[in-house]
Structure formats: C-alpha cells, structure tokens
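Chains as they are written, first to last, in my numbering: chain A, 1497 to 1738; chain B, 1497 to 1738.
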DNA sequence: GCGGTTTATTTGTCTATACATAATAGCGCA
DNA sequence: TGCGCTATTATGTATAGACAAATAAACCGC
C-alpha cells in the first residue's frame, strides 16, 4: 500500500477528529504554523489540506481568527437525475420512444411562464418512454427556440429530447421539483394506469447563465411522470467532501 | 470592484471557453507551462486553477497527456432533505409532534434487514408530524441502540427523533430513496386521506463510516410519508463547481 | 467607561524551484 | 512485425520565502 500525499493525510487527520466528535462545531483547529511544526512540512502543504476542507464545507476559515469546525453538515444529498434511455438500457431492457405530439408555436401565456420569456417561439413535445413495450414515463417538454433554434430541425421521434439537448446545448443551472400526484385521466390513459394511481412527478427547468455579462436564458422545461410503483429516485449523501 | 485573485481569473477564463461551447468535451486545454507564459505567472498559480476545475469535474487531467474538457456534466442535483420541524416553523406554522408508538426490542428480522445488523436491540418509533394541527407527515423510524444507546432515555414525544439524532450523533453517509405510493389503510387513517391517495415516500438510511479502520455502522432508518399534494421536494444543480 | 487608532496574528495569494510519478512515443533489437 | 526498454513530457507534490489583506485584541486619549 502506497503512502498517500502528506496534504491528504493532514486533511484526513483533521477530518477524523471532527467525525469522531472530539472536535465539535466551533472548535478551533490548530493554526497553520502549528500544524506546520507538528507535521514538519511547509505552510503550503498545510494550507492545501485546510483549503480543501474549507471548500468542502467541513471547516470555516477566518483571517486573524483561525480555522474552526463548521456547523453540522446540512442534509444535502446528491440526487441522480436519470437519463431515461440510458437508465432503461442499463437494466438490460429495450427502450422505445413514442412521440405523441409535436408543435412549434409562438409561446402561449403558459409557455412564457414556464420558460420565463417575454415572447418568442417554442417547440412543445409530448412523448412516452417505453421499457420493453411497457409505458415507463410520460414526458411533456418545452424547448425555447429562441435559444436553441436548431431543435426545430431535429426528429424527436427517434432520439429522446432530453438526450439530444444534453449533448448539444451547454447549460449551467437546473432546478427540480419532485412531487407525488394521483394520475389524471390523461396521464392514466397514457401510462395505462387507473385514474388516481400514485405517480412520481419530476419537473425540471434548465437554463444557461453566462454570468454578469448577460441575462440567464431558459433553455427547456420538462415534466416527467412515472408510475409510482415502477420508479424510485435515489440519492446518496456523504458528509465527507468527496 | 476589486480584482479577483489571478488563479480565480484563470479558472474563470477556461470555464468560459468550456461553457460557451468553444472548447468541447475532449478538447485539450493548454498545458500548465503555456498558461504560465500566457498569464505571466508561476506554475503553482495555474495549477491551483486547474486543480479546482478538475475536482469540480469540469476538466480531467492526465499525466503526460495533458488536461482535457471533461464529458458533459452528470445530472446530479443537490437535494435538500428537510428537517421537518424546522421546515414547518420556517413557514410560520405551528409544529406539533404526536408519538403514536414506541417500542424497545430485540431486533426482528425486518429490523435487522433495515439496519444491516446481525443482532442487537433497536428502538422503534412511529410518530406523526403536524403543521397547524393538520397531519403533515407520518414517520416510522428504527434506531440502532447498539450504536446510540443513549436514545433509549430520550423522550421522543417532545423532540422529533430526526432533530435529536442530527444534533447528537455524528454520521457520515446517508442513502435516500424517493417514491410515490398510494396510501394504504393505515397511512390513510393517520394522515386523514382517502385510501389510495398519492403520497410521497422518503426512505433514508444513515450510517457512520470511520474508514478502513472499522466496519460502517448503521445508525438509523426512517420512512416518512407525506401527502402528495402538500409536499414537494426541490433540488438545484449548478454545472459550475460552486 | 467609551470610541477610535494601532498592532499583532492568521489566513490568502504568489513566486521560483525541485524532485517524483505516470504514461506516451519512439527506438532498438530479436 | 512485435516486444521491451528508454527518453520525454505533463502533471503531482512539496519546499521556503515574501508580501497583502482582514480583523481580533490591545492600547490610549478623553
């Protein structure tokens, strides 16, 4: 077993103190020059270890004051939002897409609200994802043609719109909401469920924010509805920075 | 406006190239010595910028080969898992807890499966969270008394078990799953819903992993069921490392 | 005691250099 | 041609020192 780099070891030692509960939130961590003496190394090395812990949120650093154990980690989980086709194929099942509706139109009031635009053209899609010929998810999507004009020329009856967008359009921010709903008549018919059956509904807004230079632009809005019994989102959280 | 540090500026410049689409995935980023010449600075400064981009997943670095724009960002979102009491109170509503059942027992087969233990004692709780006297969530919880013996002495009819645990037990890992279910008779009665009403079900396993030194220990398992219409999980993702 | 000024401490950034490590590319030899 | 060795190159880690910036603490005049 090969020795890990020194700055990793220093970071791990401090992390162990915190995780074991020996150093509680607010506890002052030895100053850089003390750790420097303790590990007999340069300040840059100690600094690297502490900076990493600071960016991972485990400690907080203040000039002149020192470094302190941060407040207990918030309950933030890394949630994997699936690429539906990839997910289905990863389970060894056959994927099929059925494009139910496609309309290119001037944005309606509802479209404008979803994409947060004042005016413009949108591409509205409605499609059904199948896994081994069983309905897997109903997808309703709006694409802002003002930002992604080339989407108008794509044949979405073959490629899932989500996969196409991910591969072709850079984006920086996404907002999700997850809720449980009872299937309405429409949804129930599409997914071959009984009316009122529990479904997981995932909504996502994706946009591109170039920074202060330009206003953020909404790229797409999507609402995916999964039968509740067939779909589970999972998330993992580690208190360690990694 | 004060000038940002040089390593931040270098990182931002590279990020801008990637985000604008000018440098596509796989594109080779100028080597450290080239950036060094371009910005007229030391290699450490360039290295700091590139390391940060690498840990945030935007670029990939390989010895001898160089640094490359990484594959498009994965769809990972930071999901906020709520502290129920804090959430309710933050909305200005009154919180109340009703402890429906409490039993301290030797772990049953189901308990052992949920906590991944071979044997031992557990504390099983079942409680109902109220917001302004309306049922908000049904919680079923198991606490591993082998790891948290002091939980046996806590009065959970006043303090929500989740809040108590968060404040008293260090943990490192949590795994969540989210699903939509139709309320069974039991759940429907507790939450005052109709049978079959759509509910969001959140399950969470929390454990402590001290590293290679010891086997990970499961601390608690919890299953929270929320009326679908009253509860929405939200998540935000930024492609930037921050 | 109170408010403002100075001082000392600690972190933040950066330089310049050195050696280690990984991995590719090319060369020589069978 | 194909295999193995070597040289090259880019990154990874670390040193030692310097100055800048923030700010808590001490000080001082009133």
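Don't be surprised by glycine CBs; every beta carbon is placed ideally from N, CA and C.
The beta-carbon of residue 1602 of chain A is placed no less than 9 Å from the nearest beta-carbon of chain B. Under the 10 Å beta carbon count, residue 1602 of chain B is surrounded by fewer than 16 other beta carbons and is classified as exposed. For the pair of segments examined, the region 1549 to 1566 of chain A was found to touch the region 1519 to 1528 of chain A: the number of CB pairs separated by less than 8 Å reaches three. Here DSSP, grouped into helix, strand and coil, assigns residue 1674 of chain A to strand.
Between the beta-carbon of residue 1659 of chain A and that of residue 1579 of chain A there is about 6 Å, and that keeps the pair under the 8 Å contact cut. Distance from the CA of residue 1545 of chain A to the CA of residue 1714 of chain B, rounded to the nearest whole angstrom, comes to 29 Å. Between residue 1550 of chain B and chain A, the shortest Cβ-Cβ separation is not below 9 Å. In the three-state scheme derived from DSSP, where H, G and I count as helix and E and B as strand, residue 1645 of chain A is classed as helix. Within chain B, not a single residue places a beta-carbon under 8 Å from that of residue 1683 of chain A; the smallest gap is close to 11 Å. Here residue 1530 of chain B is exposed: its Cβ has fewer than 16 other Cβ atoms, across all protein chains shown, within 10 Å. With a threshold of 9 Å between beta carbons, residue 1564 of chain B makes no contact with chain A.
Runs of the beta strand (DSSP E) spanning 3 or more residues and lying entirely within the region 1532 to 1601 of chain B occur at 1555 to 1558, 1562 to 1565 and 1572 to 1576, in chain order. Against chain B, the CB of residue 1676 of chain A has a partner CB under 9 Å away; the residue lies at that interface. When 7 Å is used as the limit between beta carbons, residue 1693 of chain B is near these residues of chain A: 1678, in chain order. Along the region 1622 to 1633 of chain B, none of the residues has a CB nearer than 9 Å to a CB of chain A. Look at residue 1519 of chain B here: in three-state DSSP terms it is coil, with no helix or strand label. Taking all protein chains shown into account, residue 1504 of chain B has fewer than 16 neighbouring C-beta atoms within 10 Å of its C-beta and is therefore exposed.
Listed along chain A, no residue sits closer than 7 Å to residue 1687 of chain B by beta-carbon distance, the nearest being about 12 Å off. Neighbourhood of residue 1696 of chain B in chain A, by CB distance below 7 Å: 1675 and 1676, in chain order.
Residue nearest to residue 1632 of chain B within the set B:1725, B:1511 and B:1516 is B:1725 (criterion: CA-CA distance). With respect to the 9 Å criterion, residue 1642 of chain B and residue 1663 of chain B are not classified as neighbours on the basis of their beta carbons.
Between the region 1551 to 1565 of chain B and the region 1512 to 1523 of chain B, the count of Cβ pairs shorter than 8 Å is three or higher; the stretches touch. Selection B:1623, B:1583 and B:1634 evaluated against residue 1680 of chain B yields B:1634 as nearest (Cα-Cα). Taking the C-beta atoms as reference points, residue 1674 of chain B is found no nearer than 9 Å to residue 1657 of chain B.
Cβ-Cβ distances below 6 Å link residue 1653 of chain A to 1595 in the same chain, with the five nearest sequence neighbours on each side left out; the list follows chain order. At least one beta carbon of chain A lies nearer than 9 Å to the beta carbon of residue 1724 of chain B. Residue 1521 of chain A and residue 1510 of chain A have their C-alpha atoms roughly 13 Å apart. Judged by DSSP in its simplified three-state form, residue 1689 of chain A adopts coil rather than helix or strand. A distance below 8 Å between beta-carbons, with the five flanking residues on each side excluded, links residue 1614 of chain B to the following residues of its chain, in chain order: 1608. Sequence-distant Cβ neighbours of residue 1532 of chain B in its own chain, meaning closer than 6 Å and more than five residues away, are 1539 and 1542. With respect to the 9 Å criterion, residue 1597 of chain A and residue 1619 of chain A are not classified as neighbours on the basis of their beta carbons. Assignment of residue 1610 of chain B by DSSP, reduced to helix, strand and coil, places it in the helix class. Looking at the DSSP output, residue 1668 of chain B sits in no beta bridge, so it has no partner there.
The Cβ atoms of residue 1720 of chain A and residue 1690 of chain A lie no closer than 9 Å to each other.
Residue 1563 of chain B sits buried, since 16 or more C-beta atoms from the chains shown fall within 10 Å of its C-beta.
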